[in-house]
Ligand code: SF4
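Residue numbers (the working numbering), protein chains in the order written: chain L, 16 to 230; chain F, 4 to 472.
Given below as structure tokens:
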């Protein structure tokens, strides 16, 4: 897995709450059997008009959000289906982090499995970021953020210089953070406890597979 | 004396393999259910790493999401769907996993066949790469959806890294009125909780109303826990649960000994939940969703709300967006909304009792001429049972299509989809934009409400169905 340590990049601001995984990656694109190549289907029904051209009204299609690597959204991001195709599509599109006031549980843990950082900030902090993104958008320039996972800090580097600091801290489960910082293989880590797993199985009468109860 | 524990505490404590300092606990997984959409990349991951499936005999697979619901003898027309199903077949063969294939009499929606075959049992931990795994909690299991990387993790280790979720008791007291179903109950609860009210929690449904529900009704309730943000929903096992499981294919052979164990699972008196909410069953009316998430719901005797009056700015914004997508105007009585399509099916409402309820409503009637309606049983067994009872004839005579088992128009990965702008009364669980087809408009309702809408061509209050019809 690609480690996540410090990341600086352009923000794409998607001013919606309850963005569900059916929107992030619509079901017609779930038939692929690979993990890659989902980026061009990201937000498909919002991103493209019926003739297949980009919808200029959709946020991610704005020129100042081109090349964005950090997605900003409102509360309950990633609700709905468990499809890991959602973080795969976000990652394949180029996102490394999503910032929102809250995330749906399954989406949240799926992010960590894919080197993508979900950052939970307060409603107020997220609101301020949206305002800053809108101000940048009016001037036709991108909003840049930097995210430091180790210290748990999000900031706007340019704002520091301009005397309008934005600096907020966020919390991440220490184990998940460690795995992400070091890009660890979660399965290998768990298999390091194989003796404990086997002991649990023995104490629960699980050894040889049970005889099938039907032909 | 040990501290009183909840059902969740008991299952959790039993299944923690280890909790090394600085790591998340490893939770043992008793049953792993697999379907074709969220598993190919997991098996591929195993192959690349040279790993096997730790307990193939605890792993069960079935194709359901992509499968055609028309003639099964024909090859699947959609080549990519066919490839995904072929991939599942090859993976199950290679890794020794039991597959209920398309030609298997027991194939069906994964959350329908698990309980039906007795694979789902009280006190178990059960996972599946599917958010509606919460369904299995109806039998007193801790069951939740996981992503594909976690599917691979469970295949390889039979465990999962999990932080212990918080506990939320939803206590529902009293009785549901005539014509009000488990579906109306859960839609009402989601409407009160919001789509993220249960995030981070496992819901335990308790109270006299829940105790009085039959097994399949309990599944409908637990199924939709995820729509309130909760990863799992559960109901303490009792005589209803044991009677349901007795004699099922995969039920324990020493059933009485199992019951003796299961009887110790319900929460101890005085066990504390981190949050408790209490509801009155008698106040619930048949529900219809008006928007694009399941919490945007109102009683059938109500009107489409005017979201511009909502106090919360996000609810206002998402309500306005939802009405535009749904092609509705605030203030419209729900019973004035015409429907084009009716879908009776999905892991929420495709079991035999759901079909009986729908058949009772349509018996002796015809589907309105403007409506196209279909019934998709949840499994091969449900289909055969319905046919043995003559329910297929009731539906066919009324003008419904009668299909093979699968997810079908719940998410429309197979050819069963809505056309843009089509409005559907659906017994499924999600009314998200585009869920049943791009531009399609979904209203979630109970099987009886869906059946009545098929006949009337608009939503009707099933409580007055017999006067009306
Ligand atoms: S019926 Fe619908 S919700 Fe249930 S498993 Fe299938 S697609 Fe998912």
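Using N, Cα and C, we set each Cβ at its ideal position, and we do this for glycine too.
Please read all numbers here as calculations on a predicted model, not as lab measurements.
- Not one beta carbon of chain L lies nearer than 7 Å to the beta carbon of residue 118 of chain F.
- Listed as beta-bridge partners of residue 290 of chain F by DSSP are F:302.
- Annotation for residue 148 of chain L: 26, 28, 87, 158 place their beta carbon closer than 8 Å to its own, counting only its chain and skipping 5 residues before and after.
- Listed by position along chain L, the residues whose Cβ is nearer than 8 Å to that of residue 326 of chain F form an empty set, because the closest Cβ is around 15 Å away.
- With fewer than 16 other Cβ atoms from the protein chains shown falling within 10 Å of its own Cβ, residue 272 of chain F counts as exposed.
- Exclusion of residue 37 of chain L from the 6 Å shell around ligand 1 follows from its C-beta lying no nearer than that to any non-hydrogen atom of the ligand.
- At a cut-off of 7 Å between beta-carbon atoms, residue 77 of chain L makes no contact with chain F.
- Burial state of residue 367 of chain F is exposed, judged by a 10 Å Cβ sphere holding fewer than 16 other Cβ atoms.
- Residues are counted here when their Cβ sits less than 9 Å from a Cβ of chain F; for the region 32-52 of chain L these are 32, 33, 35, 36, 37, 38, 41, 42, 43, 45, 46, 47, 48, 49, 50, given in chain order.
- For the region 89-114 of chain L, the set of residues with a beta-carbon nearer than 7 Å to any beta-carbon of chain F comprises 89, 90, 91, 94, 95, 96, 97, 98, 99, in chain order.
- Within the DSSP bridge table, the entry for residue 405 of chain F names F:378 as partners.
- By alpha-carbon distance to residue 131 of chain L, the top candidate from L:215, L:84, L:64 is L:84.
- No Cβ of chain L is located within less than 7 Å of the beta carbon of residue 286 of chain F.
- Taking 6 Å as the cut-off, the C-beta of residue 42 of chain F does not count as close to any heavy atom of ligand 1.
- In the DSSP assignment, the residues bridged to residue 35 of chain L are L:94.
- For chain L, none of the residues of the region 258-278 of chain F brings a beta carbon within less than 7 Å of one of its beta carbons.
- The residue from F:243, F:245, F:193 with its alpha-carbon nearest to that of residue 231 of chain F is F:193.
- Each residue's CA atom was taken as its position, placing residue 180 of chain F and residue 284 of chain F some 8 Å apart.
- Contact check for residue 340 of chain F against residue 430 of chain F fails: the beta carbons are separated by 7 Å or more.
- Separation of residue 206 of chain F and residue 237 of chain F (C-alpha to C-alpha, rounded to the nearest whole angstrom) is 6 Å.
- Under the three-state reduction of DSSP, residue 427 of chain F is assigned to strand.
- Taken atom to atom, the span from the alpha-carbon of residue 114 of chain L to that of residue 201 of chain F is near 20 Å.
- CA-CA distance, residue 20 of chain F to residue 203 of chain L, rounds to 16 Å.
- Taking a C-beta cut-off of 7 Å against chain F, the contacting residues of the region 179-191 of chain L are 188, 189, 190, listed in chain order.
- In its chain, beyond the 5 residues on either side, 57 have a beta carbon closer than 7 Å to the beta carbon of residue 160 of chain F.
- Identification of chain L residues near residue 36 of chain F by a Cβ-Cβ cut-off of 7 Å yields none; the smallest Cβ-Cβ distance measures about 12 Å.
- Residues of chain L whose Cβ lies closer than 8 Å to the Cβ of residue 69 of chain F are, in chain order, 46.
- At least one beta carbon of chain F lies nearer than 7 Å to the beta carbon of residue 120 of chain L.
- Among the residues of chain L, those whose CB is under 9 Å from the CB of residue 156 of chain F are 128, 201, 202, 205, following chain order.
- Rounded to the nearest angstrom, the Cβ distance from residue 134 of chain F to residue 121 of chain L is 6 Å, consistent with a contact under 8 Å.
- With 16 or more other Cβ atoms inside 10 Å of its own Cβ, residue 224 of chain F counts as buried.
- For residue 266 of chain F, the closest of F:226, F:14, F:90 by C-alpha to C-alpha distance is F:14.
- For residue 68 of chain F, the three-state secondary structure derived from DSSP is coil.
- Contact between residue 76 of chain L and residue 106 of chain L is ruled out by a C-beta separation of about 19 Å, above the 8 Å threshold.
- If you draw a straight line from the Cα of residue 226 of chain F to the Cα of residue 153 of chain F, it comes to about 20 Å.
- Contact of residue 417 of chain F with chain L is not assigned, every C-beta pair being separated by 7 Å or more.
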